[in-house]
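Peer 1: Below you will find the structure I want to go over with you.
Protein chains: 2
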Amino acid sequence: MANRTDALSRERIVATAVQMLDATGEEGLTFRALSAQLKTGAGAIYWHVANKSELLDAATDAVLAGATTVAEAAPEAEIRALALGLFDAIDVHPWLAGQLAQGPWKSEALRIFERLGQRVQALGVPAPAQFTSATALMIFIVGAAAQNAANASNAAKIRAAQPDASRTAMLAVESAAWEGLDPGDYPFLHDIAGQLREHDDREQFLAGVDLILAGIAALRPQA
Amino acid sequence: MANRTDALSRERIVATAVQMLDATGEEGLTFRALSAQLKTGAGAIYWHVANKSELLDAATDAVLAGATTVAEAAPEAEIRALALGLFDAIDVHPWLAGQLAQGPWKSEALRIFERLGQRVQALGVPAPAQFTSATALMIFIVGAAAQNAANASNAAKIRAAQPDASRTAMLAVESAAWEGLDPGDYPFLHDIAGQLREHDDREQFLAGVDLILAGIAALRPQA
DNA sequence: ACCTGAACACCGTTCAAGT
DNA sequence: ACCTGAACACCGTTCAAGT
């Protein structure tokens, strides 16, 4: 019968790759480990996939597809929903950050860029500024989510060695380090150490998106 | 005498690593190639440097130090100068992008974040919004420069196979691809294909920085 | 204290040989 | 057409042995 679970196919390879990426990150995805999981030889995978880079692209597309469908709303609200969708997708699949961080975006990532751009147009941004606006949004979203993913994987690594290191405990350590800096040399970090300790990642992310939206609003010709 | 050119030292290792990174990128920096260049064994390097990650950190700091000194000016102008300094540093050393893209920033990168934050404070941004503002700036700067670096290395790779592929020619190809998309599915990309073809990277980057600065200005209590 | 270079435990990718 | 698995050309890192 068609679609037997144990038949090797590009789909099954990509799906398994996504699972391994989620579990162990990009360096955990190995053709040896992958072929072991799939109970084949390494060479069998190369029949369906050109190389590791193409496999990562396929995994990225698989995860991004449908990760950012957005309910109809006002353009700003749709941009926030799109942003949050990407943020959450990267939170669940931290390896996505590395794939998206270095454009040029293609396939699914390009689709997201397109959707952001549509909302930028709907906001009434003048044509010459649309490219800048949509790019700024995409770069910030991907960059902020990448930071978040890096922090999370960092936390996971430390927790592996010291299992009781909670996220708040780690933030407290970094925050204390900033507080301990010489206020003469580091007045800013010294000042905001408290904000670092108490900040919520999602809230902080949305505040950043709103900051860019405010900048975009300033580009609009006054009605 | 002290500082003989052929004495192995952490400094000389890092300096040579930077040269190799600039020439061949991160995957070109190998302990074998590095030790060959330095005319030693691979193990000798490990006497001065813990591992490759630490070596990359040291190379990042070496390149970032002094790369972003900025003449005194109005806060906005200083932020633009800081941003442009980082942009240019990543342009010359594309491997920097990968190092900075995944914070938490440390040593020299943290210093740059501090300097950005000082200017945000000078702009009169209310305390609760300072963290968001400085972070948004840093993320955009690093993200945009990373895109640029990726495009450049992409261009270099294609040029290696097809030596007459100029940057403008490559942009024209991508632009034409966007123009060829179905305007029903991709109205935005179809529209801005022309802007992609004609845009100047530095100008586009500065426009993005100004966009965020405009958003930051909107945070300021009206005088 | 510092350096050597072989050795270990891995990689991605290829390819003759099988079915 | 698709799969097997050994082999190739690499990695980062370690470590006994040298000076």
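Respectively, the protein sequence lines represent chains A and B. So for the first sequence, this note's numbering puts the first residue at 1024; every next one is plus one. So for the second sequence, this note's numbering puts the first residue at 1024; every next one is plus one. All residues carry an ideal CB built from backbone N, CA and C; glycine is no exception. Note that the coordinates shown come from a computational prediction; the quantities given were computed from them, not determined experimentally.
Just to make sure I have the definition right: I need the residues of chain A whose C-beta is within less than 8 Å of the C-beta of B/S1156. Which are they?
Peer 2: Simply L1234.
Peer 1: Hey, quick one: how far does the alpha helix (DSSP H) through A/K1129 stretch, first residue to last?
Peer 2: Neither: A/K1129 is in no alpha helix (DSSP H) and is coded neither H nor E.
Peer 1: In the DSSP assignment, find the alpha helix (DSSP H) that holds A/E1221 and state where it starts and stops.
Peer 2: 1210-1221 is the extent of the alpha helix (DSSP H) around A/E1221.
Peer 1: Taking CB distances under 9 Å as the criterion, tell me whether A/F1163 reaches chain B.
Peer 2: Yes, its Cβ sits closer than 9 Å to a Cβ of chain B.
Peer 1: Mind checking if A/N1074 is an interface residue toward chain B, Cβ cutoff 9 Å exclusive?
Peer 2: Answer no: the Cβ-Cβ gap between A/N1074 and chain B never drops below 9 Å.
Peer 1: Applying a beta-carbon distance threshold of less than 8 Å, which residues of chain A neighbour B/G1126?
Peer 2: Under the 8 Å cutoff, chain A gives Q1170, A1173, N1174.
Peer 1: List the residues of chain A whose Cβ lies closer than 9 Å to the Cβ of B/P1210, in chain order.
Peer 2: The answer, in chain order, is E1137, G1140, Q1141, Q1144.
Peer 1: Can you give me the C-alpha to C-alpha distance between A/I1113 and B/A1199, rounded to a whole angstrom?
Peer 2: Going from the Cα of A/I1113 to the Cα of B/A1199 covers about 31 Å.
Peer 1: If we ignore side chains and look at the alpha-carbon of each, how far apart do A/D1224 and B/T1155 end up?
Peer 2: So the two alpha carbons sit approximately 11 Å from each other.
Peer 1: Looking at the unbroken alpha helix (DSSP H) that takes in A/G1084, where does it start and where does it end?
Peer 2: According to the sequence as given, residue 1084 of chain A is Asp; it is not Gly. Looking at the DSSP string, the run of the alpha helix (DSSP H) that includes A/D1084 is 1075-1087.
Peer 1: What's the gap between the Cα of A/D1208 and the Cα of A/D1045?
Peer 2: Taking the straight line from one Cα to the other gives about 40 Å.
Peer 1: What does the Cβ neighbour count give for B/R1138, buried or exposed, with the cut at 16 atoms within 10 Å?
Peer 2: So B/R1138 counts as buried.
Peer 1: Taking B/P1127 as the reference, give the member of A/A1090, A/V1196, A/G1231, A/L1105 with the closest Cα.
Peer 2: Closest by alpha carbon: A/V1196.
Peer 1: Smallest Cα separation from A/Q1122: which of A/M1043, A/G1064, A/I1036, A/V1165?
Peer 2: Comparing Cα positions, the closest option is A/V1165.
Peer 1: For A/K1180, does the three-state DSSP call read helix, strand or coil?
Peer 2: The answer is helix: DSSP assigns A/K1180 an H, G or I state.
Peer 1: Could you check whether the segment 1227-1236 of chain A touches the segment 1040-1054 of chain B, counting it as contact only if at least three pairs of C-beta atoms, one from each stretch, sit closer than 8 Å?
Peer 2: No: fewer than three Cβ pairs fall under 8 Å.
Peer 1: State the DSSP-derived secondary structure class of B/T1063, mapped to helix, strand or coil.
Peer 2: In this structure, B/T1063 counts as coil in the three-state DSSP scheme.
Peer 1: Using a cut-off of 8 Å between C-beta atoms, extract the partners of A/H1116 located in chain B.
Peer 2: Chain B residues near A/H1116: none, gap ~15 Å exceeds 8 Å.
Peer 1: Let me see if you follow: with CB-CB separation under 9 Å, is B/G1238 close to chain A or not?
Peer 2: Taking Cβ atoms only, chain A reaches closer than 9 Å to B/G1238, which makes this a yes.
Peer 1: Residues of chain A with a CB under 9 Å from the CB of B/E1197: which are they?
Peer 2: Going along chain A in sequence order, the residues near B/E1197 (Cβ under 9 Å) are P1127.
Peer 1: Determine the DSSP secondary structure at B/L1031, reduced to helix, strand or coil.
Peer 2: Three-state DSSP puts B/L1031 in coil, outside helix and strand.
Peer 1: Any residues in the segment 1029-1062 of chain B with a beta carbon nearer than 7 Å to a beta carbon of chain A? Which ones, in chain order?
Peer 2: Residues: none.
Peer 1: So, for B/A1082: in the same chain, excluding its five sequence neighbours on each side, which residues have a beta-carbon less than 7 Å away from its beta-carbon?
Peer 2: V1037, A1040, V1041, L1044, listed in sequence order.
Peer 1: Counting only C-beta atoms, is A/A1230 closer than 9 Å to chain B at any point?
Peer 2: Yes, its Cβ sits closer than 9 Å to a Cβ of chain B.
Peer 1: Take the Cβ of A/M1024 as the centre, count every other Cβ of all protein chains shown within 10 Å, and call the residue buried at 16 or more, exposed below.
Peer 2: Here A/M1024 scores only 37 on pLDDT, less than 50, and its place in the model is too uncertain to base an answer on.
Peer 1: Please check the pair B/G1140 and A/F1211, which I expect to be a contact at CB under 8 Å, by giving their CB distance rounded to whole angstroms.
Peer 2: Confirmed, Cβ separation roughly 3 Å.
Peer 1: I need the straight-line Cα distance from A/L1236 to B/A1169, nearest angstrom please.
Peer 2: Roughly 22 Å separates the two Cα atoms.
Peer 1: Taking the alpha carbon of B/L1109 as the point to measure from, which residue in B/G1203, B/L1133, B/A1096 has its own alpha carbon closest?
Peer 2: Of the candidates B/G1203, B/L1133, B/A1096, the one whose C-alpha sits nearest the C-alpha of B/L1109 is B/L1133.
Peer 1: Against chain B, with Cβ distances strictly below 9 Å, would A/D1080 count as a contact?
Peer 2: So no, A/D1080 is outside the interface.
Peer 1: 9 Å is my cut-off, CB to CB: does B/N1026 come that close to chain A?
Peer 2: In this predicted model, B/N1026 has a pLDDT of only 43, less than 50, meaning its place in the structure is not dependable; the value taken from the coordinates is given anyway. For B/N1026, the answer is no, since every Cβ of chain A falls outside 9 Å of its Cβ.
Peer 1: Would a C-beta distance cut-off of 9 Å place A/L1160 and A/P1098 closer than the cut-off?
Peer 2: Not closer than 9 Å, so no.
Peer 1: Hey, would you say B/A1124 sits closer than 9 Å to A/A1120, going by beta carbons?
Peer 2: Cβ atoms of B/A1124 and A/A1120: closer than 9 Å.
Peer 1: Is the CB-CB distance between B/A1059 and A/I1215 below 9 Å?
Peer 2: Their beta carbons are not under 9 Å apart, which means B/A1059 does not touch A/I1215 by this criterion.
Peer 1: Kindly indicate which three-state DSSP category A/D1111 falls into: helix, strand or coil?
Peer 2: Looking at A/D1111 - three-state DSSP - the assignment turns out to be helix.
Peer 1: Could you tell me the alpha carbon to alpha carbon distance between A/N1174 and A/A1167, rounded to whole angstroms?
Peer 2: Taking the straight line from one Cα to the other gives about 11 Å.
Peer 1: Measure the beta-carbon distance from B/E1101 to B/R1035 and round it to whole angstroms, keeping in mind my assumption that it falls under 8 Å.
Peer 2: Contact doesn't hold; Cβ gap of about 34 Å is too wide.
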